[in-house]
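Chemist:
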Amino acid sequence: APVSVEQVTAPIAMTAPVAMEPGERGRVMRFFMPAEYTLETLPRPGDNRVRIVTVTAQTLAVLRFSGEADDEEVATRKAELLTGLAGSNWEPVGEPGFFGYDPPMTPPELRRNEVFVEVAAARSETFSPARHGGQRDTK
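What follows is the structure, given as structure tokens:
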């Protein structure tokens, strides 16, 4: 007998933040799913341009700001974030992105915005495991 497979879709309330990052074909928007869902219970998207992906844990450097988040302001804040990381114990991994927390109708002065970049511990040429309690390889 033929089997009918029905695609289940359901509306999900908007979550914050919404991430915007550079992608292969323009900007990519990332929505974070509410905690009550698992990958198995999450309704399937009704639009084939929407993909559900698992994002591995990341360590991010973040710079918060309020006001308009137009392309120019976001670019300025991304540069400020990267400048702030220079000379720190963290180095950027990949390209910076943007987190928006508020709906468009929120007055600009009340909006919470963030620019972010994934970071990794910077490698220090002066680090010595022997000086920091480690053991040297004597082979």
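Residues -16 to 122 in this note's numbering are what the sequence shown spells out, letter by letter.
Yeah, the Cβ is synthetic: ideal placement off N, Cα and C, and Gly gets one too.
1) Spatial neighbours of glycine 77 within its chain, please: CB distance less than 6 Å, with the 5 preceding and 5 following residues excluded, ordered by chain position.
2) Counting pairs of Cβ atoms below 8 Å between the stretch 90 to 105 and the stretch 35 to 53, do you hit three or more?
3) Confirm, please, whether the CB-CB distance from glycine 50 to proline 91 is below 9 Å.
4) Could you spell out the range, first to last residue, of the beta strand (DSSP E) harbouring glutamate 97?
5) So, is phenylalanine 128 buried or exposed, given that buried needs 16 or more other C-beta atoms within 10 angstroms?
6) Leaving out five residues before and five after valine 57 in sequence, what residues of the same chain have Cβ atoms less than 7 Å from its Cβ?
7) Within 10 Å of its beta-carbon, does valine -12 have 16 or more other beta-carbons around it, so buried, or fewer, so exposed?
8) Going by C-alpha to C-alpha distance, which of Trp73, Ser71 and Pro79 sits closest to alanine 62?
9) Give me the Cα-Cα distance between proline 26 and threonine 37, rounded to the nearest whole angstrom.
10) When you compare only the Cα positions, how much space is there between arginine 32 and arginine 60?
11) Straight-line CA distance for glutamate 55 to threonine 21?
12) Measure the C-alpha to C-alpha separation of glutamine 41 and proline 75 and round it to an integer number of angstroms.
13) Pull the bridge partners of phenylalanine 82 from the DSSP assignment, please.
Modeler: Taking the structure as given:
1) Excluding sequence positions up to five before and after glycine 77, its CB lies within less than 6 Å of the CB of Glu101, all in the same chain and listed in chain order.
2) Flag = yes, the stretch 90 to 105 and the stretch 35 to 53 touch.
3) Contact: yes.
4) Boundaries of the beta strand (DSSP E) harbouring glutamate 97: 96 to 104, taken from the DSSP string.
5) Here the chain comprises residues numbered -16 to 122, so residue 128 is not present and cannot be evaluated.
6) Non-local C-beta neighbours of valine 57 in its own chain, meaning closer than 7 Å and more than five positions away in sequence, comprise Phe81 and Val98, ordered along the chain.
7) With a pLDDT of 48 at valine -12, under the threshold of 50, the modelled position of that residue is not reliable, and the figure given next carries that caveat. With fewer than 16 other Cβ atoms within 10 Å, it is exposed.
8) Distance check between alanine 62 and each of Trp73, Ser71 and Pro79 places Pro79 closest, using alpha-carbon atoms only.
9) Rounded to the nearest angstrom, the two C-alpha atoms are 15 Å apart.
10) Straight-line Cα distance between these residues: approximately 29 Å.
11) Between the C-alpha atoms of glutamate 55 and threonine 21 there is a straight-line separation of about 37 Å.
12) About 12 Å.
13) In DSSP, phenylalanine 82 forms a bridge with Ala2 and Glu97.
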